[in-house]
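J.:
Structure follows, in structure tokens:
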């Protein structure tokens, strides 16, 4: 892949639209996959019904992101570079939580190619609307294309910035979570987010890993679970934005630690910063950020 260079003209390439309808099982299964027993995701006897876990959109967009070669609407794009991609960053903006019966239409585009010492940081933007054309969520995904080069300054429009934690490095609270041996398989089955490094020991070792690893979005969903409980009064509807960088592996059969590393209170919302440590005290998730709507 070292002989492939991504050029500026590929930035702005559109993705073909994707449609899907959300079932109650989709919503409850995602929460169950990360052992989140919040009644908002399960109790369909409530008058207002159930809503999705804030990170559920990653399951909605997976059919697009896992088959980008089918959705990139350009004959000029070198789709072979997609074989090198690793999920590097996640930035999710929630206009509202997904509900059962929602018909979601996703439009997307390639927003940027950013040079990185490991290759190219490709930024993909996905806009989700409901059947009425109203926004549901925006997902900005960063994929690291290893060994692939790009032209400098290859962006289409402004990239949304995530606030940084410049307050302190003091840890406000922590929460330890055991990750059982079967968790990657349960997350795979409940979310339909499938990739063999998470469920095939032979494949994982073939690509140089010590064994199967937990899905990065599962690690993030565990963190969001704890942040909703600790900082949002168990109300997922208060979550406005989630972002992070994936930086380390989590092995099933080990523990992770969610660390809240700072807060900034504004008039209408609060910025909360976090990281996730694996069993070796390495950062599996760094630069974690969640924006929470204030009460009242």
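Numbering (the working numbering), first residue to last: 105 to 400. The beta carbon of each residue, even a glycine, is placed where N, CA and C say it ideally should be.
1) So for residue 132, helix, strand or coil by DSSP?
2) State whether the segment 270-288 contacts the segment 224-238, with contact taken as three or more CB pairs (one from each stretch) at a distance under 8 Å.
3) Sorted by chain position, which residues of the same chain lie with C-beta nearer than 8 Å to residue 208's C-beta, five sequence neighbours on each side aside?
4) Relative to the alpha-carbon of residue 187, which residue among 198, 170, 194 has its alpha-carbon at the smallest distance?
5) Can you give me the C-alpha to C-alpha distance between residue 244 and residue 250, rounded to a whole angstrom?
6) Relative to the alpha-carbon of residue 377, which residue among 218, 119, 331 has its alpha-carbon at the smallest distance?
7) Going by beta-carbon coordinates alone, are residue 307 and residue 314 separated by less than 8 Å?
8) When you compare only the Cα positions, how much space is there between residue 295 and residue 212?
9) What alpha helix (DSSP H) runs, 4 residues minimum, are completely inside the segment 169-239?
10) Are the segment 384-394 and the segment 342-352 in contact at 8 Å, needing three or more beta carbon pairs?
11) Does residue 383 come out as helix, strand or coil in the three-state DSSP assignment?
12) Out of curiosity, what's the CA-to-CA distance linking residue 152 and residue 220?
13) By Cβ distance below 7 Å, which residues in the same chain neighbour residue 108 in space, the five residues on each side in sequence not counted?
14) By Cβ distance below 7 Å, which residues in the same chain neighbour residue 395 in space, the five residues on each side in sequence not counted?
15) Looking at residue 297: is its Cβ nearer than 8 Å to the Cβ of residue 323?
16) Are residue 228 and residue 368 touching if we call contact CB-CB under 8 Å?
17) Taking buried to mean at least 16 other C-beta atoms within 10 Å of its own C-beta, is residue 380 buried or exposed?
18) Go through the segment 314-385 residue by residue and report every complete run of the alpha helix (DSSP H) that reaches 4 residues or more, in order.
19) With which residues is residue 125 paired in a DSSP beta bridge?
20) Just reading off the beta strand (DSSP E) that residue 85 is part of, what are its end residues?
21) Are residue 302 and residue 319 close, meaning C-beta to C-beta below 8 Å?
22) Looking at C-alpha atoms only, which residue of 276, 357, 339 is the closest neighbour of residue 144?
23) Across which residues does DSSP place residue 393 in a beta bridge pair?
24) Which of the three DSSP states, helix, strand or coil, is assigned to residue 309?
25) Could you have a look at residue 117 and say whether DSSP puts it in helix, strand or coil?
26) Determine the direct distance from the alpha carbon of residue 129 to that of residue 236, and round the result to whole angstroms.
T.: Reading off the structure:
1) helix
2) no
3) 123, 124, 125, 126, 164, 202, 232, 233, 234, 240
4) 170
5) 19 Å
6) 331
7) no
8) 21 Å
9) 172-175
10) yes
11) coil
12) 46 Å
13) 182, 185, 252
14) 344, 345, 373, 375
15) no
16) no
17) buried
18) 320-335
19) 207
20) Nothing can be reported for residue 85: it is not among the residues displayed for the chain, which extend from 105 to 400.
21) yes
22) 339
23) 347, 377
24) helix
25) coil
26) 23 Å
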